[in-house]
Amino acid sequence: MKELLVLSGKGGTGKTSITASFAVLNQDAMLVDCDVDASDLHLLLSPETREKNDFISGVTARVRPDDCTACGTCVDICHYDAISTSEDGIAHVEPFTCEGCAVCAHFCPENAIDLEPDHCGYWYVSDTDYGPMVHARLIPGEENSGKLVALVKKEARERAEKLSKDIILVDGPPGIGCPVIASVSGADMILVVTEPTQSGLHDLERVLGLCRHFKIPACVCINKWELNKRLSEEVEKACERLQVPVVGKIPFDETVVESLVQGIPVVKYKDCSASKSIANIWSAIQKMLNQEEQK
Ligand code: SF4
Ligand code: SF4
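Quick note, the numbering used here runs 781 ahead of the 1-based positions in the sequence shown.
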């Protein structure tokens, strides 16, 4: 079983459209959306939810006022200034400031502080026309997206093994932060989607640096390549210098926008120039994955 992760230096490069099209072309992959802060693969694959699970991570302290004797110990020892007192000295925890370190609960002489598990989001297992999908949603304002990504990947991998899937297709989060690092773990190959812009070139080099750091083979595709041919050439030169193959260039095609509006992956929506390029990229990646397997 192979795992292909699709990344981009920032959102809006076409990463999700390309992943959704790969899902259509493959027909029987295990699909994963690791963009837990702003998941959108479901918008193109119309999943039917089979399982909805809570994502619990970390704890928040809560004082039981009836048991608090207003000694003030917790106020003094909380490093995060998350505890205040009312006029009568009874302690109160500000949940958004509490880091869940548990020090207050440990030192409260009355044992009057509970540590309550944090409900940070949901993760789902769904069916799509192109294979099962594991995806998630972090509650806005909650942290721990890296942990949720790791959980989503673990669940997807276990299910893929049970179902004897040949491939796991992962739509990664944008950027190079903690969720991206969590999504990289276990990948056999990373496709980096970039655009011919100065910031795209900069982001590409950062993502490729991450791939190199984790020693995962990478390849690149340039989306809307002819919108700036000079910068496209620069992207290709940078890839050559970094010894990363460019597996394809996708032309700007209005049909892609139409397909997004319709909520249909472009390769299913219409046979157009973008669809053809994406199909060629998928063939090239399959070959590379097979070659990696034989190494
Ligand atoms: S340490 Fe315990 S008893 Fe003392 S103020 Fe805090 S909650 Fe109340
Ligand atoms: S758990 Fe830690 S951060 Fe939260 S209120 Fe207690 S001491 Fe402060």
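We put the beta carbon where it would ideally sit given N, CA and C, even for glycine.
Computed from a predicted structure; not experimentally measured.
Residue i versus residue j: straight-line alpha-carbon distance, rounded
i	j	result
residue 1009	residue 975	12 angstroms
residue 934	residue 851	45 angstroms
residue 941	residue 911	13 angstroms
residue 783	residue 1034	30 angstroms
residue 926	residue 919	7 angstroms
residue 822	residue 1024	30 angstroms
residue 953	residue 938	15 angstroms
residue 884	residue 816	33 angstroms
residue 1052	residue 839	48 angstroms
residue 826	residue 909	6 angstroms
Other residues of its chain near residue i: CB distance less than 7 angstroms, five sequence neighbours each side excluded
i	result
residue 824	1044
residue 992	971, 999
residue 1037	798, 1047, 1055
residue 889	854, 855
Contacting residues, own chain, Cβ-Cβ under 8 angstroms from residue i (five flanking each side not counted)
i	result
residue 1063	802, 803, 806, 807
residue 987	790, 957
Beta-carbon proximity list for residue i, same chain, < 6 angstroms, skipping 5 on both sides
i	result
residue 880	861
residue 832	906
residue 965	995
Selection from the options that minimises the alpha carbon distance to residue i
i	options	result
residue 754	1022, 871, 794	Here the chain covers residues 782 to 1076 and nothing more, so residue 754 does not appear.
residue 898	1054, 842, 1066, 973	842
residue 1058	788, 798, 793, 785	798
residue 1018	811, 869, 1001, 1032	1001
residue 882	786, 863, 873	863
Classification of residue i by the beta-carbon crowding that lies within 10 angstroms, buried from 16 upward
i	result
residue 836	buried
residue 818	buried
residue 867	exposed
residue 981	buried
residue 1005	buried
Closer than 7 angstroms: residue i CB and nearest ligand 3 heavy atom
i	result
residue 885	In terms of ligand content, the structure shown lacks ligand 3 and carries ligand 1 and ligand 2 instead.
Any chain B beta carbon closer than 8 angstroms to residue i
i	result
residue 861	This model lacks chain B altogether, as it is built from one protein chain only.
| Under a criterion of Cβ closer than 5 angstroms to any non-hydrogen atom of ligand 1, which residues qualify, in chain order? | Going by the Cβ distance cut-off, the answer is 844, 849, 850, 852, 854, 855, 872, 889, 891, 893.
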